[in-house]
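Written out below as C-alpha coordinates is the structure these notes cover.
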Amino acid sequence: MGMRTAPPGELVVRARDGDEQAWAALTERYTEMLWAIGRAYGLDRADAADVVQLTWLRLVEHIDALRQPGRVGAWLAVTARREAGRVLRASWRSPCPPDDLVPERLPGPPSPDRVVDDRERLTAVVDAIGMLPDLCRQMLRLFAASPTYAEVAAALDIPVGSVGPTRARCLASLRKRLEGPA
48 MGMRTAPPGE LVVRARDGDE QAWAALTERY TEMLWAIGRA YGLDRADAAD
98 VVQLTWLRLV EHIDALRQPG RVGAWLAVTA RREAGRVLRA SWRSPCPPDD
148 LVPERLPGPP SPDRVVDDRE RLTAVVDAIG MLPDLCRQML RLFAASPTYA
198 EVAAALDIPV GSVGPTRARC LASLRKRLEG PA
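Residue numbers (my numbering): 48 to 229.
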(Lines of atoms letter the chains of each structure in order from A; the text may use other names.)
(Lines give C-alpha, C1' and ligand atoms only; values in the text may rest on other atoms or scores of the structure.)
Protein backbone atom coordinates (compact mmCIF):
# COMPACT_ATOMS: atom_id res chain seq x y z
CA MET A 48 0.00 0.00 0.00
CA GLY A 49 1.43 3.38 -1.01
CA MET A 50 1.73 6.34 1.31
CA ARG A 51 -1.11 8.16 -0.48
CA THR A 52 -3.57 5.42 0.40
CA ALA A 53 -2.17 4.48 3.80
CA PRO A 54 -4.55 4.95 6.72
CA PRO A 55 -3.95 8.15 8.71
CA GLY A 56 -3.01 6.24 11.86
CA GLU A 57 -0.29 4.35 10.01
CA LEU A 58 1.09 7.61 8.62
CA VAL A 59 1.22 9.10 12.11
CA VAL A 60 3.06 6.08 13.52
CA ARG A 61 5.56 6.19 10.67
CA ALA A 62 6.00 9.96 11.01
CA ARG A 63 6.69 9.49 14.75
CA ASP A 64 9.49 7.16 13.72
CA GLY A 65 10.98 9.80 11.42
CA ASP A 66 9.61 8.58 8.07
CA GLU A 67 9.81 11.63 5.81
CA GLN A 68 7.49 10.08 3.22
CA ALA A 69 4.82 9.65 5.90
CA TRP A 70 5.17 13.33 6.84
CA ALA A 71 4.88 14.29 3.18
CA ALA A 72 1.75 12.15 2.81
CA LEU A 73 0.19 13.71 5.91
CA THR A 74 0.87 17.24 4.74
CA GLU A 75 -0.40 16.46 1.24
CA ARG A 76 -3.59 14.95 2.66
CA TYR A 77 -4.47 17.66 5.19
CA THR A 78 -2.88 20.99 4.21
CA GLU A 79 -5.77 22.05 1.95
CA MET A 80 -8.22 21.45 4.81
CA LEU A 81 -6.08 23.58 7.14
CA TRP A 82 -6.05 26.40 4.59
CA ALA A 83 -9.82 26.17 4.31
CA ILE A 84 -10.20 26.46 8.07
CA GLY A 85 -7.98 29.53 8.22
CA ARG A 86 -9.90 31.17 5.39
CA ALA A 87 -13.24 30.21 7.00
CA TYR A 88 -12.25 32.42 9.90
CA GLY A 89 -11.91 35.32 7.49
CA LEU A 90 -8.13 35.44 7.75
CA ASP A 91 -6.12 36.91 4.90
CA ARG A 92 -3.63 34.73 3.04
CA ALA A 93 -0.68 35.58 5.31
CA ASP A 94 -2.62 34.89 8.51
CA ALA A 95 -4.11 31.68 7.06
CA ALA A 96 -0.57 30.59 6.13
CA ASP A 97 0.46 31.22 9.75
CA VAL A 98 -2.43 29.03 10.94
CA VAL A 99 -1.36 26.22 8.61
CA GLN A 100 2.26 26.42 9.75
CA LEU A 101 1.35 26.67 13.44
CA THR A 102 -0.96 23.68 13.14
CA TRP A 103 1.77 21.53 11.61
CA LEU A 104 4.18 22.76 14.29
CA ARG A 105 1.69 21.71 16.99
CA LEU A 106 1.50 18.24 15.43
CA VAL A 107 5.30 17.96 15.46
CA GLU A 108 5.31 19.05 19.12
CA HIS A 109 2.51 16.68 20.18
CA ILE A 110 2.71 13.72 17.81
CA ASP A 111 3.97 11.42 20.56
CA ALA A 112 0.97 12.33 22.74
CA LEU A 113 -1.75 11.55 20.17
CA ARG A 114 -4.01 8.98 21.80
CA GLN A 115 -5.84 8.11 18.58
CA PRO A 116 -3.42 8.43 15.63
CA GLY A 117 -6.18 7.40 13.22
CA ARG A 118 -8.09 10.59 14.09
CA VAL A 119 -5.22 12.89 13.15
CA GLY A 120 -7.46 14.74 10.65
CA ALA A 121 -9.91 15.72 13.38
CA TRP A 122 -7.02 16.64 15.71
CA LEU A 123 -5.55 18.88 13.00
CA ALA A 124 -8.95 20.50 12.33
CA VAL A 125 -9.50 21.30 16.02
CA THR A 126 -5.95 22.61 16.35
CA ALA A 127 -6.33 24.78 13.24
CA ARG A 128 -9.59 26.24 14.59
CA ARG A 129 -7.86 27.10 17.85
CA GLU A 130 -4.87 28.66 16.09
CA ALA A 131 -7.17 30.61 13.76
CA GLY A 132 -9.04 31.96 16.76
CA ARG A 133 -5.77 33.03 18.37
CA VAL A 134 -4.56 34.74 15.19
CA LEU A 135 -7.92 36.42 14.73
CA ARG A 136 -8.00 37.72 18.31
CA ALA A 137 -4.41 38.95 18.05
CA SER A 138 -4.79 40.85 14.80
CA TRP A 139 -6.57 44.00 13.88
CA ARG A 140 -9.27 43.13 11.34
CA SER A 141 -9.51 45.22 8.18
CA PRO A 142 -13.00 46.05 6.86
CA CYS A 143 -11.89 44.88 3.41
CA PRO A 144 -13.39 41.61 2.14
CA PRO A 145 -11.13 38.55 1.85
CA ASP A 146 -9.21 38.28 -1.43
CA ASP A 147 -11.25 35.28 -2.53
CA LEU A 148 -14.49 37.34 -2.52
CA VAL A 149 -13.22 39.93 -5.00
CA PRO A 150 -14.49 39.09 -8.50
CA GLU A 151 -11.93 38.46 -11.21
CA ARG A 152 -11.66 41.16 -13.83
CA LEU A 153 -11.48 40.78 -17.56
CA PRO A 154 -8.32 42.05 -19.27
CA GLY A 155 -8.29 45.75 -19.93
CA PRO A 156 -9.68 48.56 -17.85
CA PRO A 157 -13.33 48.10 -16.83
CA SER A 158 -15.83 50.84 -17.49
CA PRO A 159 -16.79 53.08 -14.57
CA ASP A 160 -20.32 51.65 -14.65
CA ARG A 161 -18.97 48.11 -14.42
CA VAL A 162 -16.76 49.06 -11.47
CA VAL A 163 -19.74 50.55 -9.64
CA ASP A 164 -21.97 47.54 -10.45
CA ASP A 165 -19.29 45.04 -9.38
CA ARG A 166 -18.60 46.95 -6.16
CA GLU A 167 -22.32 47.13 -5.32
CA ARG A 168 -22.79 43.41 -6.01
CA LEU A 169 -19.73 42.50 -3.94
CA THR A 170 -20.84 44.73 -1.09
CA ALA A 171 -24.31 43.14 -1.16
CA VAL A 172 -22.84 39.62 -1.03
CA VAL A 173 -20.36 40.48 1.75
CA ASP A 174 -23.12 42.19 3.76
CA ALA A 175 -25.50 39.26 3.26
CA ILE A 176 -22.83 36.74 4.31
CA GLY A 177 -21.99 38.91 7.31
CA MET A 178 -25.62 38.73 8.48
CA LEU A 179 -25.67 34.91 8.38
CA PRO A 180 -25.11 32.88 11.54
CA ASP A 181 -21.47 32.10 12.33
CA LEU A 182 -21.80 28.45 11.30
CA CYS A 183 -23.11 29.46 7.85
CA ARG A 184 -20.36 32.05 7.34
CA GLN A 185 -17.67 29.51 8.21
CA MET A 186 -19.25 26.76 6.11
CA LEU A 187 -19.58 28.93 3.00
CA ARG A 188 -15.98 30.08 3.31
CA LEU A 189 -14.86 26.47 3.66
CA PHE A 190 -16.79 25.40 0.59
CA ALA A 191 -15.17 28.25 -1.35
CA ALA A 192 -11.90 26.30 -0.94
CA SER A 193 -13.50 23.08 -2.30
CA PRO A 194 -12.94 20.71 0.63
CA THR A 195 -14.79 17.43 1.02
CA TYR A 196 -17.84 17.05 3.26
CA ALA A 197 -15.67 15.10 5.71
CA GLU A 198 -13.16 17.96 5.88
CA VAL A 199 -15.93 20.52 6.41
CA ALA A 200 -17.44 18.34 9.14
CA ALA A 201 -14.07 18.02 10.87
CA ALA A 202 -13.33 21.74 10.52
CA LEU A 203 -16.68 22.75 11.99
CA ASP A 204 -16.94 19.87 14.45
CA ILE A 205 -20.33 18.71 13.12
CA PRO A 206 -21.51 15.30 11.87
CA VAL A 207 -20.76 14.58 8.21
CA GLY A 208 -24.43 13.80 7.62
CA SER A 209 -25.45 17.31 8.63
CA VAL A 210 -23.09 19.10 6.24
CA GLY A 211 -25.34 18.85 3.15
CA PRO A 212 -28.58 19.94 4.83
CA THR A 213 -26.81 22.73 6.72
CA ARG A 214 -25.17 23.93 3.52
CA ALA A 215 -28.54 23.94 1.74
CA ARG A 216 -30.12 25.99 4.56
CA CYS A 217 -27.20 28.43 4.55
CA LEU A 218 -27.37 28.94 0.79
CA ALA A 219 -31.16 29.37 0.93
CA SER A 220 -30.75 31.97 3.66
CA LEU A 221 -28.06 33.78 1.67
CA ARG A 222 -30.20 33.70 -1.48
CA LYS A 223 -33.17 35.10 0.47
CA ARG A 224 -31.04 37.92 1.89
CA LEU A 225 -29.69 38.81 -1.56
CA GLU A 226 -33.15 38.82 -3.15
CA GLY A 227 -34.42 41.18 -0.47
CA PRO A 228 -38.03 41.59 0.61
CA ALA A 229 -40.58 40.14 -1.81
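The beta carbon of each residue, even a glycine, is placed where N, CA and C say it ideally should be.
With H, G and I counted as helix, E and B as strand and the rest as coil, what does DSSP make of residue i?
i	result
Arg105	helix
Arg114	coil
Leu179	coil
Leu123	helix
Val199	helix
Leu225	helix
Gly49	coil
Pro212	helix
Asp165	helix
Pro159	helix
Arg152	Low confidence applies to Arg152: its pLDDT is 43, below 50, so where it sits in the model is not reliable, and the reading given next is rough at best. Coil at Arg152, not helix or strand.
Ala93	helix
Ala219	helix
Ala137	helix
Ala192	coil
With distances taken Cα to Cα, identify the nearest neighbour of residue i among the options.
i	options	result
Leu17	Ala95, Val172, Asp111 and Arg188	There is simply no residue 17 to check, as the chain begins at 48 and stops at 229 in what is shown.
Thr126	Leu104, Thr52, Ala197 and Glu57	Leu104
Asp22	Glu167, Ile84 and Leu113	Here the chain has residues from 48 to 229 only, and residue 22 is not among them.
Leu211	Thr195, Asp160 and Lys223	In the sequence on display, residue 211 carries Gly and not Leu. The option with the nearest alpha carbon to Gly211 is Thr195.
Lys223	Ala202, Val207 and Ala175	Ala175
Ala124	Leu106, Leu135 and Ala112	Leu106
Pro206	Gly227, Ala121 and Arg136	Ala121
Val59	Arg86, Asp91, Gly177 and Arg114	Arg114
Thr213	Leu187, Glu198 and Ala131	Leu187
Asp111	Ala62, Phe190, Ala87 and Ala131	Ala62
Leu73	Asp164, Thr102 and Arg92	Thr102
At what residues does the alpha helix (DSSP H) containing residue i begin and finish?
i	result
Met80	Glu67 to Ala87
Val59	Pro55 to Arg63
Legend entry - contact_flag[the segment 79 to 88, the segment 55 to 67] where n(CB pairs < 8 Å) is 3 or more: At 8 Å Cβ cutoff, the stretches do not touch.
Legend entry - Sufficient close CB pairs (3 or more, under 8 Å) joining the segment 48 to 55 to the segment 87 to 104: Result no; under three Cβ-Cβ pairs closer than 8 Å.
Inset, instruction - Specify whether the segment 203 to 221 and the segment 178 to 187 touch according to this definition: at least 3 beta carbon pairs, one from each stretch, less than 8 Å apart. - result: Touching, per the Cβ criterion.
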